[in-house]
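Order-wise, the sequence lines are chains V and U. This note's numbering numbers the first residue of the first sequence as 19 and each following residue consecutively. This note's numbering numbers the first residue of the second sequence as 86 and each following residue consecutively. All C-beta atoms, glycine included, are put in the ideal place defined by N, C-alpha and C.
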Amino acid sequence: MLYTFIFLSVLLLITLGVAAYETYAERKVAAFMQDRIGPDRAGPFGLFQPLADGVKMFMKEDFVPSTANKKLYFMGPAIAMTTALLTGVVIPWGGTLHFGGEAYSLQGADPGIGILYIFAMVSIGVYGIMLGGWASNNKYALYGAIRAASQMVSYELAMGMSIVALVMTTGTLSLSGIVNGQLDGTWNVFVQPLGVLLFITCAFAECNRAPFDLPECETELVGGYHTEFSSMKLGFYLFAEYVNMFISSAVISSLYFGGYDIPFVDQTGMASNLVVILGTLAFFAKVCFFIFLFMWIRWTLPRFRYDQLMNLGWKKLIPLAILNILITGGYMVFNGQVKL
Amino acid sequence: MQYLFYFFAAISIISALMVVSARSPINSVIALIVCFLSIAGHYILLNAQFLAVVHIIVYTGAIMVLFLFVIMLLNLNQRTEPQKKLMTRIAAVVAGGAFLLTLLGATRQGLQIAAVNPEDASVGLVGHVGMALFKDYLLPFEVSSVLFLSAMVGAMMLGKKEKATA
């Protein structure tokens, strides 16, 4: 009980820390891609920039539009942040440590429906954006909110279907079960190559990241759903996006890229605790790579038009996901993995 | 566990009352969302994890988003709310009361039935739900999926028709 409490507190701090440094990394990556230097004033290499930004966010005037629906205006950022932080609980951050006969699992909770729990939290997260955008009583914010809602509902379908094929091959919905199935080195990316592409694309859309960042498309909608938000309320929205990005990267790595698995590590004969710790580090390395991928794509691809976004979701990704399910099922029957 | 049940039950009842009593439609929808979430809590107390999570994904995450969507787009508020005549209101109260009476009469018997398999805590887990759906109740399951398919086709037809005339 005490251990779980400490573990979850540490997890919360790590998530917030990673999210803060993602903002720094985003600016550095953008600078690198555009042949600039990026933030370098605050501390060595600009490493204290997130702190400076945080202080700035807190110090700014907390402005509430007089025509806003006050209650919902406050609820919006709160829901966005809460649901973003709740998802980290079911992700297996590492194996199980053994100290003095006690087992310490590096996973907050392991429900049998782990992956669906993440979907549920993501689907509640939409309300943060919708309510906040509507409550600001601003046309641009409303447009942003409506775009966000339809985009997220559409891409949730394709995302769910890309997971169905994965669940068929792994035979479990539990995230630790899925990772354990990959510990022999057969990462699911080799089993489900199409599924990986579909899932990553949908994850981008769910996080409202470029090229799918239409809800906050500044050239058309000023700031989209957070146009009327300032100070730390805006900070919560932005932070929630970075937390979502972190969690999405963690989900992608654990579903398809072996989670905390390091290939052939079981043949080196290292102590099991050492393997677990190295595995966690390897997991974070994978997560960092996917966070970089998110940024890489953001600064490479231009934004889609809204009809292109909907066409991609409904007319390409969903049929491809269904095709993927059919192929997977057909292969499993042909291979004798299931009896008809 | 028991206190959790009372907690969720209180939230369910209060939010359900707010759904019908709230003045603004947005507040009604939000109360309904809270009600659904507390019902998901009840499912978890019954160890029906799968049902709880699917309930959140489907009802809270998809259907209520569409509800909210429509209400936001139409920007419904008190001024646009249709005002019913006094006779209609009285008729509604009488009909509702009669319905409540029927429901009470029907469930009064049901309350005396003992729980099926109270010792088996795994009955609500994914595997068991899947077995029940695809083995014991395969035909009703398939029939209901055909029903959904026909509803989808119907919605599509209506959508197309609208476009042709406009």
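Proximity below 8 Å, CB of residue i to CB of residue j
i, j, result
"Pro110 (chain V)", "Ala166 (chain V)", "no"
"Leu117 (chain U)", "Met157 (chain U)", "no"
"Ala107 (chain U)", "Ala125 (chain U)", "no"
"Ile309 (chain V)", "Gly297 (chain V)", "no"
"Ala176 (chain V)", "Ile336 (chain V)", "yes"
"Ala86 (chain V)", "Glu246 (chain V)", "yes"
"Ala434 (chain V)", "Trp314 (chain V)", "This structure leaves residue 434 (chain V) out entirely; chain V is present only between 19 and 358."
"Trp205 (chain V)", "Tyr274 (chain V)", "yes"
"Tyr158 (chain V)", "Gly242 (chain V)", "yes"
"Ala38 (chain V)", "Pro57 (chain V)", "no"
"Leu216 (chain V)", "Ser180 (chain V)", "yes"
"Ser266 (chain V)", "Cys225 (chain V)", "yes"
"Val104 (chain U)", "Ser97 (chain U)", "no"
"Phe121 (chain U)", "His140 (chain U)", "yes"
"Val293 (chain V)", "Val283 (chain V)", "yes"
"Phe93 (chain U)", "Leu131 (chain U)", "no"
"Leu210 (chain U)", "Gln134 (chain U)", "yes"
"Val207 (chain V)", "Val214 (chain V)", "yes"
"Ser249 (chain V)", "Asp80 (chain V)", "yes"
Assumed close pair residue i, residue j - CB separation to whole angstroms, cut-off 8 Å
i, j, result
"Gly143 (chain V)", "Phe301 (chain V)", "Not a contact, Cβ separation roughly 23 Å."
"Val108 (chain V)", "Leu193 (chain V)", "6 Å"
"Thr187 (chain V)", "Thr22 (chain V)", "Wrong, their Cβ atoms sit about 31 Å apart, outside the cutoff."
"Asn342 (chain V)", "Ala183 (chain V)", "5 Å"
"Phe264 (chain V)", "Gly126 (chain V)", "So it is not a contact: roughly 15 Å between Cβ atoms."
"Ala98 (chain V)", "Tyr255 (chain V)", "6 Å"
"Val261 (chain V)", "Leu103 (chain V)", "6 Å"
Cβ-based burial, residue i [other Cβ within 10 Å; buried from 16]
i, result
"Asp202 (chain V)", "exposed"
"Gly146 (chain V)", "buried"
"Thr33 (chain V)", "buried"
"Ala251 (chain U)", "The predicted model places Ala251 (chain U) with a pLDDT of 49, which falls under 50 and marks its position as unreliable; any figure quoted below should be read in that light. By the neighbour-count rule (16 or more Cβ atoms within 10 Å), Ala251 (chain U) is not buried but exposed."
"Gly132 (chain V)", "buried"
"Tyr278 (chain V)", "buried"
"Ser84 (chain V)", "exposed"
"Gly35 (chain V)", "exposed"
"Glu227 (chain U)", "exposed"
"Thr105 (chain V)", "buried"
"Asp231 (chain V)", "buried"
"Gln210 (chain V)", "buried"
"Leu171 (chain U)", "exposed"
"Met19 (chain V)", "exposed"
"Ile3 (chain V)", "Given a span of 19 to 358 for chain V in the structure shown, any question on residue 3 (chain V) remains unanswerable."
"Ala339 (chain V)", "buried"
"Met148 (chain V)", "buried"
"Val356 (chain V)", "exposed"
"Arg193 (chain U)", "exposed"
"Asn329 (chain V)", "exposed"
"Tyr88 (chain U)", "exposed"
Where the alpha helix (DSSP H) containing residue i begins and where it ends
i, result
"His140 (chain U)", "134-140"
"Tyr274 (chain V)", "249-274"
"Val89 (chain V)", "The displayed chain sequence assigns Lys, not Val, to residue 89 (chain V). Per DSSP, Lys89 (chain V) belongs to the alpha helix (DSSP H) from 88-104."
"Thr41 (chain V)", "20-51"
"Glu174 (chain V)", "157-188"
"Gly151 (chain V)", "132-153"
"Tyr278 (chain V)", "Where Tyr278 (chain V) is concerned, there is no enclosing alpha helix (DSSP H), given that its DSSP letter is neither H nor E."
"Val150 (chain U)", "149-159"
Three-way DSSP call (helix, strand, coil) for residue i in this model
i, result
"Tyr222 (chain U)", "coil"
"Ala251 (chain U)", "Because the pLDDT of Ala251 (chain U) is 49, which lies under 50, any placement of that residue in the model is unreliable, and the number read from its coordinates should be weighed accordingly. Of the three classes helix, strand and coil, the one that applies to Ala251 (chain U) here is coil, per DSSP."
"Glu120 (chain V)", "strand"
"Thr286 (chain V)", "coil"
"Ala131 (chain U)", "Before going on, a small fix: residue 131 (chain U) reads as Leu here, not Ala. Leu131 (chain U): coil per DSSP, three-state reduction."
"Thr114 (chain V)", "strand"
"Glu246 (chain V)", "coil"
"Leu65 (chain V)", "coil"
"Trp317 (chain V)", "coil"
"Glu234 (chain V)", "helix"
"Ser235 (chain U)", "helix"
"Leu243 (chain U)", "helix"
"Tyr91 (chain U)", "helix"
"Tyr82 (chain V)", "Reading off the sequence, residue 82 (chain V) comes out as Val, not Tyr. Val82 (chain V) falls in the coil class under three-state DSSP."
"Ser192 (chain V)", "coil"
"Asn198 (chain V)", "helix"
"Thr173 (chain U)", "helix"
"Cys220 (chain V)", "helix"
"Gly72 (chain V)", "helix"
"Ile98 (chain U)", "helix"
"Pro337 (chain V)", "helix"
"Cys306 (chain V)", "helix"
"Gln210 (chain V)", "coil"
Interface residues of chain C facing residue i [CB-CB closer than 9 Å]
i, result
"Met157 (chain U)", "Here the protein chains are V and U, and chain C is not one of them."
Check: residue i C-beta below 7 Å from any heavy atom of the ligand ZN
i, result
"Phe23 (chain V)", "Absence of the ligand ZN from the depicted structure is noted, as is the absence of any ligand whatsoever, leaving it without description."
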